[in-house]
Each structure stands twice: as C-alpha cells, then as structure tokens.
C-alpha cells in the first residue's frame, strides 16, 4: 500500500501505513537498544488498539517474537506465562500496569509519549542475523496438565498462511475486520493477512464484537469486505446480522465444530460473495484447510472442512499411522510449511505431537498430530468428526461422544447437539446431552431418550437432556464446555407424579433420591430414565 493509505482504523482514530511504519521502526530501535536478538521473546499486554498493532510490528522489526497476553487472564496465569516465556521486555499501556504481576524485565508503555523514542531513527532497522526460521510469535493454548503451553511459530509459517491461500484474494481495496483477541491465533491471519496485502485493518473492540447491533453498524460504517468469525459467533449472529453478512466479499468461519443448519439458514437470506469454512489448530497457524461453500455443495448433506491450502498436506491415518481408505475415520495429521516449531520448554510434548513426516522425501519434514478425527469424502475434501480425546470410558464401556451427537442431531426438532461425560457427584459419571432446538420446536427428554434407545445401546443413551438457548462461549468465541450447566430435574425423564405407597416404595424412593441427587421420586418413575445405572 502507499504510505499515505489508511492502514488501521480504531473507533475515531486512523493511522496511515507511513505513520504505522514510523512508530513501529522507532519501537524496534528501542528494543534493539535493550539488546533484543532474534528468537528473544517480548511480551505484549495491551487492549486491541492502534498501539497494539504498532507494538506487534515493532517487535517483529526488531527480530524478536511477540508473546500476546490476554488482559482478562488472572494474575496467576499471567505470572506463569511470563515465567515460562522469559521475555526480555514487556510492552503495555498505562491503564494496564496495575494488572500485571511483578516483572523483572524492562517495561515500555506504548501510550506514553517518550521524547527519547522520538529521537530514534524512523527507518527500518537492520537485523542481519534474522531469517524466516526465527520466531515470529509464541501463543499459549490450554494444556492437558492444566497449565498453558506456548506454541512457537516462525516467520515462514506466517508467510505461508497470508500469501498462499487461494480461497481468499486480499487486495489493497479490501477492508479487513480485526476481531480476534491477540492471544488467539485467528489474529495472525486477520492482522498480517490484512497489512501484508495492503488492505485496511478495522479493529473491532471486544464490547462491540459481542453486541450484534453495534457490530453491524461498525462493519457497515467502515464498509468492511472481509470478516472472520468463530463458528460460535457465526451461529449466534446469523439471524441478527444476515443483511450485513450478505454484503461481505468474504466471510470465513471455523475454529470449532460447525453445523450445516447454520449455513443453510444464512443461504435463506442470501449469502456473502464468498462463504468459506476453515479448520486449523494453533500448531499449524490459524487455518490449514478451507472449503468454499456454494448452493450446489450444500446438497451433500455434510459440511466439510475442505482441502489443504497451498504448501500444506493433510493425512488421515489409523492407529499405526497408515493412511485409511476413502470414507473411513482416522486421525488427522497436518504437514507442510505451516507446521510450527513446537512447544516452548516442552521437548517431550513436542516430540509426541510434532513427528517426522514419513510421506515426504524431505528428511526434515514434520507433521502435526492434531488429535482430531476426520474422513476423506469422494470429492477429495475432509469431513471433521470431532476429537479423538472426546472418547470417554463409563463403567467399562468406551464411548465415542461424536456418535451420540450425530444421532441426536438427526432427531426431530434438534438444531445442534453436544454430549459430555459429567461427574457432578464423585464416582458417578453420566452422559449429559446439551441441545439447541430448531425454531419453534420444543424438545422433550422422554421423546429423545426413546429415539436414541432404538439406535444405541443403553450405556450410550444420555442420562439427561438439557435444552439451551445458546451454547456458552469463551472470550475467544469457542465453545466453553466448563460453563455448561449441570442438569436439573427437567433434564431427565419423569412420569406423572404419584407419591410412593407403603414402606417399601417409600424406602426405595428415598434411596433413589439420595443416590441420584433428585428432590422427588414418584411411584411410576423409572430408575434408568432418571439417570441411574447398574
């Protein structure tokens, strides 16, 4: 883009490419004066703003890697991440200083005028040792041990994503919405996909993103042409923002399990010029497969995650890491230029998940073991089938939750289904189904249980069926399983109440109440329908 072209818009503020570059260059020289070298980490603790974008660019120009920290994280989590990544400096804003744990490293304030910084050169710094194999950023994701793990992403990984995606042609005439939290890997494509292709970046504050009317007004006012949303926000906003969506050149959605019903609903209103379903874990940079939807493709009856983007390979392998036949479920592995370096300070986990690629002639090639299940469809695209760690074991039975979800989704009136194994009482693990109803439908636990009982063995039929208005989401817009409510009495199958009669029935009812944790048991209630098991 030309230096005088608008690079970033935030509320009433606008900054040109030339001014953004100048601010980033001066920050880079500040960091270099502190002794920053390639592969050093610089932590960034800022709200979404022009300061944030200038800070990210300045860190990269200095040859360092940025480590974005979510300003909503608790102090204990922030302290762990700072200790783990050992940054050489920390960039923040005046109002956020009090939220930071004590830090040993130098702290630079991005929103405080610094006369010394103004005296620094505004030219691009020279970092002769910097190569595409050095770190661009470290983003922390949830860890199975309960502590977050840092994914190390190199410059070449980022360039692979923002330059090589044939489904999305970003030009200097486009206006890209930047919605993602900087600590979420979707921000990689939004920020650098926009700026490196010369488009205008429109920053969407979090409070605006979560309010559909304000969000629509912003997108319309700034004439945004490209928008990326998590699957959760996409589902929630189809009704309230359909007219805005239909005015976009590109609408991308993914980052969590998506459903065909939502897409069909959008097509009833019309659709954006290009509607693209995306898939990709943080370890392979934002998204690695894409599927451009058309009215014809909707007739397939499934919503694929598509095929790999350029310089990327996808394998679906069995337990012996051998390719599975067409249509057979297996674990999804991603290979190619987007595979990250590994996990920071976690060599054992890196060795477990980042493996040598046996299907490449390059001896250095690696593939990432995603833990996701999929299968090849006849048209060469991939259907996502859920997580392999969503397999649970209850009372000796191994259960694939995705199988139950698929049967529930096919039940009359069900728009979307999610099944979890809950252990609200120690030692008592039960399957609980969480459901979204189709418009106008009323879901009944007894009807759903009867439908599933004819398709699944007893041990796979959920003990409770909870209907929600919407699924809870994390700040990043992904499904928040921890926030799903415990089932109440309305979620289990109950019969018309008639009080127990006689000493035996009264005693049995009392035992069931205590065992199942329910307030009232009638003489016609069924132990297994109430969530009991043998």
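Numbering (the numbering used here), first residue to last: -9 to 524. Beta carbons are placed, not taken as given, at the ideal position from N, Cα and C, and that holds for glycine.
Can you check the region 396 to 420 for any beta strand (DSSP E) of at least 3 residues that lies completely inside it and give the ranges in chain order?
Those beta strand (DSSP E) runs which fall completely within the region 396 to 420 and span 3+ residues are 404 to 415.
Per the DSSP calculation, residue 313 is bridged to which residue(s)?
According to DSSP, residue 313 bridges with 307.
Quickly, what does DSSP pair residue 550 with across the bridge? List them, please.
A query on residue 550 cannot be resolved here, the shown segment of the chain reaching from -9 to 524 and no further.
With C-beta atoms as the reference, is residue 332 less than 7 angstroms away from residue 344?
Yes, these two residues count as a Cβ contact at 7 angstroms.
Classify residue 510: buried if its beta carbon has 16 or more other beta carbons within 10 angstroms, exposed otherwise.
Flag for residue 510 reads exposed.
Please state the DSSP three-state secondary structure of residue 264.
Strand, per DSSP.
Nearest to residue 340 by alpha carbon, out of 347, 358, 352, 354?
Checking every option, the nearest Cα to that of residue 340 belongs to 358.
Within a Cβ cutoff of 6 angstroms, which residues of the same chain sit near residue 476, ignoring the five residues on either side of it in sequence?
If we look at residue 476 and ignore the five residues flanking it on each side, its Cβ neighbours are 414.
Per DSSP, what kind of secondary structure is residue 508 in: helix, strand or coil?
In this structure, residue 508 counts as coil in the three-state DSSP scheme.
Let me make sure I understand the geometry here. Which of -4, 447, 137 has the alpha-carbon closest to that of residue 189?
Residue 189 has its Cα closest to that of -4, out of -4, 447, 137.
Let me confirm a value: residue 73 is counted as buried when at least 16 other C-beta atoms fall within 10 Å, else exposed. Which label applies?
That one is exposed.
Where does residue 177 sit, in a helix, a strand or coil, going by DSSP?
Helix.
Ends of the beta strand (DSSP E) at residue 364?
Its beta strand (DSSP E) spans residues 356 to 366.
DSSP three-state call for residue 137: helix, strand or coil?
Here residue 137 sits in coil by DSSP.
Judging by CA-CA distance, which residue of 70, 56, 67 is the nearest neighbour of residue 82?
Among 70, 56, 67, the Cα nearest to that of residue 82 is on 56.
Could you compute how far the alpha carbon of residue 187 sits from the alpha carbon of residue 76?
If I take the Cα positions, the gap works out to 32 angstroms.
Would you decide whether residue 270 is buried or exposed? Buried here means 16 or more other CB atoms lie within 10 Å of its CB.
Per the 10 Å Cβ criterion, buried.
Of the residues 14, 63, 51, which one's Cα is nearest the Cα of residue 35?
Looking at the Cα atoms, 63 is the closest of the given residues.
Put residue 454 into one of helix, strand or coil per three-state DSSP.
Strand at residue 454.
Please confirm whether residue 426 and residue 412 have their CB atoms less than 7 angstroms apart.
No. Outside cutoff.
Determine whether the beta carbon atoms of residue 141 and residue 129 lie at a separation below 7 angstroms.
Cβ atoms of residue 141 and residue 129: closer than 7 angstroms.
With 16 as the cutoff for other CB atoms within 10 Å, does residue 208 come out buried or exposed?
Under this definition residue 208 is a buried residue.
Among 38, 127, 131, 115, whose alpha-carbon lies nearest the alpha-carbon of residue 86?
When each option's Cα is compared against that of residue 86, the closest is 38.
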